[in-house]
Amino acid sequence: MLHSIIAIIEFELFRILTVQRLAVALVMSVFPPLMITILSGTGVLLFPEFFICILCGMICLLSLLLWATPNVYSELEGKSWTFVTSRPHGRLAILFGKYLIAVAWSFLVSWIGMSLCLIVIDQEILVSNLPKSEIWLYLSMILLLASTVYAAIFSFFGVIVQRRAMVVAVGYFMVVEIAAALIPAVVGKVAMSYHLLCLLIQRVSWILPDNDSSQGLREFQILYGIWPSWLHLLAIATMTVTMLTLSAFVIRSREYLTLEDSQV
Amino acid sequence: MISFEHTTKLYKTVIGVNDVSLDLQPGAYGLLGPNGSGKTTLINLILGQIRPTLGTVRVFGQNPWNCNELLNRIGLCPAIQANYPFISGLKWVTFLTRLRGFRSSIANEMAEKALAIVGMTHAMNRPMSSYSLGMRQRTVLAQAISHEPELLILDEPFNGLDPKGRIEMTAFLKEWVQKKRSLILASHILHEVEALRPSLLLISGGRLLASGSPEQVRSILASCPNSIRIRCDNPNRLAALATEYYSVNKIQIDASAGTIDIETLNPLEMLTGLPARARSAGITITELRSTEESLQAIFSTLMKIHRGEVRITG
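Protein chains in written order, with the working numbering: chain Y, 84 to 347; chain H, -15 to 298.
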């Protein structure tokens, strides 16, 4: 099966590397530093690190919506499903091959955006006391974790609903990752955004404008209850593995009908 | 090689195939049926793309659902066109061969060989967007044979081919059959399938209506109630002869056009005997043909026989 996954990755990369798609990726990468540059001069950028996170997170999610959610539907619509799935392990190769491509592509696009943001921003206006290089390291880690876990969740939606996967993914994000994550209760811990935020706060303490990070951290802990880092990482890893396992089970056991099949 | 036991496939409330039982030994088979008759469903059941709602399917003795070993013994040429405008034929066939577990270099060699067999060597490095419909069809065929399968399944392979392409495709398939390899060719055009001299499986409405050699199937079809159109210089006299000697259900005379349409329960008898009687009576027949030429019409007749609404004569 490894051969098949590698073949899918290589083939998808070959398809991705077109001028049109690279141009889209470039525009997405340039958007966050452009916003930061514009807002830096206005003085409204109170929490630059947070703003960089939000912008790059949005780029990452947008990219995942484009690459992870249509994993099955793009094959059905592109009429390539029959060709690939009439090969041994074809279904799993599609799932994992496209998942890895989605992770790599989304991380790369958002990571470039984040790196450019840190290049254009002045160290003085950053809330955190950490040097830029360390913030870059932590934000890179957060983006990688976000790409990994959200790609798994969105891939699952792609496997179960196909045509409406993007709508479901956006709905999920609004309800679970934004609304539920704000609830200071156990239900909030279901959201991966909570764990990512906690990891970020533990590493890059920037939640208070007066730089009293230890005080801010305590307040956040009282309200939301921060776990140790390894527990957050475990939660993210568990969600990733669970979603991929469920997706693998569904894609193997489900009958997907192409347009030709639906005509009997 | 393949066995279906009372296999039924339902797509919610739509019947894909209905209570099909058959046992196919290695060889060449023509799966004939009008569009929407269940041919693709039958193929998907063989490939394990879908599961039967009722009954069982066995291919090379195994249940094909999620059976990875089986897929390397089968080559599929589906009734769809490859849609990768920027990819060359060679790259695409290599990619699909790699998905069978072959290393890149070996898959490349196998793809080149398969493309050479289907006569695509000259264009294999060009992007597929520059291919004609026939070239794409040949490339699709190449991906099906690159791993030298035991069983080749082709779903409407003649679709979109020009006459030259049809001749080439037929020649390739004849060669395939001569090498004692198994073949299932699904089509809705009888004469395209007949050229390969396969055993025929006639399917309509999801039901297997008839099977056998082309001669046996032709005999069944000739025995079915049918309508015959005859053009002659004396239609009234010929109509009288027809009603005198043969079992006629309905007769319609168009004297101005010089034609008569005869609906008979025994077309074979009439087709073989009436011209001689007409000649004896001094009538010149200029045209004699079945008015129900389309496979759809023949299948609707077979369907009626299947339901017991019509009985076969002769």
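Where is the CB? At the ideal position from N, CA and C, for every residue including glycine.
On a predicted model such as this, the values are computed, not experimentally measured, just so you know.
Residue contact with chain H for Y/V167: present (Cβ-Cβ distance below 8 Å to some residue of chain H).
Only buried fits H/N250, as 16 or more other CB atoms lie within 10 angstroms of its CB. H/A98 and H/V77 do touch by the CB rule: their CB atoms are close to 6 Å apart, below 8 Å. Leaving aside the five residues that flank H/L225 on each side, the residues in its chain whose CB is nearer than 8 Å to its CB run, in chain order, L258, R261, A262, A265, I267.
Comparing alpha carbon positions, the residue from H/A100, H/T25, H/V232 closest to H/V4 is H/T25.
Bounds of the beta strand (DSSP E) holding H/Y(-5) are -14 to -5. Distance from the CA atom of H/I71 to the CA atom of H/E132, rounded to whole angstroms, is 23 Å.
Residues of chain Y whose Cβ lies closer than 9 Å to the Cβ of H/Q121 do not exist; the shortest such Cβ separation is about 14 Å. Close partners of Y/H172 in chain H (Cβ separation under 7 Å): N52.
A straight line joining the alpha-carbon of H/A128 with that of H/I187 spans about 24 Å. Y/S276 and H/S88 have their C-alpha atoms some 40 Å from each other. Just so you know, the alpha carbons of H/A95 and H/P111 end up roughly 15 Å apart. Rounded to the nearest whole angstrom, the CA to CA distance from H/N47 to Y/W219 is 53 Å.
Secondary structure note for Y/R170: it is in no beta strand (DSSP E), with a DSSP letter that is neither H nor E.
In the DSSP assignment, Y/C139 falls within the unbroken alpha helix (DSSP H) covering 131 to 150. In this structure the region 329 to 342 of chain Y does not touch the region 313 to 321 of chain Y; the number of beta carbon pairs closer than 8 Å is below three. The secondary-structure analysis by DSSP pairs H/A12 across a beta bridge with H/L167.
For H/V43, the enclosing beta strand (DSSP E) starts and ends at 38 to 43.
The DSSP assignment places 73 to 82, 88 to 101 as complete runs of the alpha helix (DSSP H) inside the region 61 to 121 of chain H, in order along the chain (cut-off: 4 residues). Here the alpha carbons of H/K23 and H/L16 stand approximately 8 Å from one another.
Short of 7 Å from the beta carbon of Y/A234, and not among the five residues preceding or following it, lie these beta carbons of its own chain, in chain order: L147, A151, Y182, A185, V186, S189. Pairing Y/A176 with Y/I91 gives a Cβ-Cβ distance under 8 Å.
The C-beta distance from H/S166 to H/L135 rounds to 4 Å, short enough to fall under 8 Å. Interface annotation, H/F(-12): not in contact with chain Y, CB-CB separation never under 8 Å. Runs of the alpha helix (DSSP H) spanning 4 or more residues and lying entirely within the region 198 to 256 of chain H occur at 198 to 207, 219 to 229, in chain order.
Neighbours of H/L(-6) in chain Y, taken as residues at a C-beta separation under 8 Å, are lacking, since the least C-beta distance is about 11 Å.
Taking a C-beta cut-off of 7 Å against chain Y, none of the residues of the region 130 to 149 of chain H qualify. CA-CA distance, Y/E160 to Y/A248, rounds to 14 Å. Residue state for Y/A274 is assigned as coil, using DSSP reduced to three classes. What Y/A90 touches in chain H, judged by beta-carbon distance under 7 Å, is F79, R82, L83, going in chain order. Distances from the CA of H/R181 to each of H/L192, H/R191, H/G196 were compared; the closest alpha carbon is that of H/G196. Shown here for H/L60: same chain residues with a beta carbon closer than 7 Å to its own, the five before and five after excluded, namely L31, A128, I137 in chain order. Within the region 19 to 42 of chain H, the residues whose Cβ lies closer than 8 Å to some Cβ of chain Y are N19, G20, S21, G22, T24, T25, N28, L31, Q33, I34, R35, listed in chain order. About 5 Å separates the beta carbon of Y/A108 from that of Y/V192, a gap short enough to meet the 8 Å contact definition. Per the C-alpha coordinates, the member of Y/M118, Y/L178, Y/C200 positioned closest to Y/T328 is Y/L178.
Using a Cβ-Cβ cut-off of 8 Å, Y/A176 counts as an interface residue toward chain H, since at least one Cβ of chain H sits closer than that to its own.
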